[in-house]
Each structure stands twice: as structure tokens, then as C-alpha cells.
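What follows is a set of notes on a single structure, which appears directly below.
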């Protein structure tokens, strides 16, 4: 019975709502205010943006498809992507997590 609270805590810790975090609905995304949950593997918290400063310290504003600027999670040797995502360079010169 003691394992159930620990399992729930671990599950909640994985859904922190930050840019690039897994989500099911936009309400799962909250810190800094991420306004959308992309239909990417296991969901992906993001928000529209005009500059990287709007995406928090772990995010970058990247022009993507026809969406315009959107916050994506920065990545690199010290900041790997979550499972199912790969670290890729962008035209803006930053590396961000995209679905594999």
C-alpha cells in the first residue's frame, strides 16, 4: 500500500508541465505558461512565441511549419531529450527536441 503514493508522486514528477513535457491536454502544460499540447508522441507542451525569452530557461522559440514561432525544449550533451525524441539543430542555430 505504501508503494501507491510513491508511484503517484513519480508519475506527477514526470508531468511537470514545462516546455517539452509530456501532456494529454493543454491544462497539463503550465510552467512557464505553455498554452498547447502538441499531438506528438506522448504529447508535447508548447506555446506560441516571438522570442526565446518567452519560453523559459529550458526552451527556445523556433519557427516550425505553418504555426509560426513555438516553444520547444532546448537540448544538448548536458540536457538530453526524453525517450522518443532526438536533439536536432534548427535554422535559428539552437538544438531542440523533436520526435524521432
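Residue numbers (the numbering used here): 15 to 114. C-beta atoms are modelled at their ideal positions from N, C-alpha and C, and glycine is treated no differently. Owing to the predicted nature of the structure, the values given are computational and were not obtained by experimental measurement.
Distance from residue 61 to residue 50 at the Cβ level is roughly 6 Å; contact confirmed, criterion being Cβ atoms closer than 8 Å.
Under a 10 Å Cβ-count criterion, residue 109 is classified as buried, with 16 or more other Cβ atoms of the shown protein chains found around its own Cβ.
By the criterion of a C-beta distance shorter than 7 Å, residue 99 is surrounded in its chain by 111, 112, 113, 114, once the five residues flanking it on both sides are discounted.
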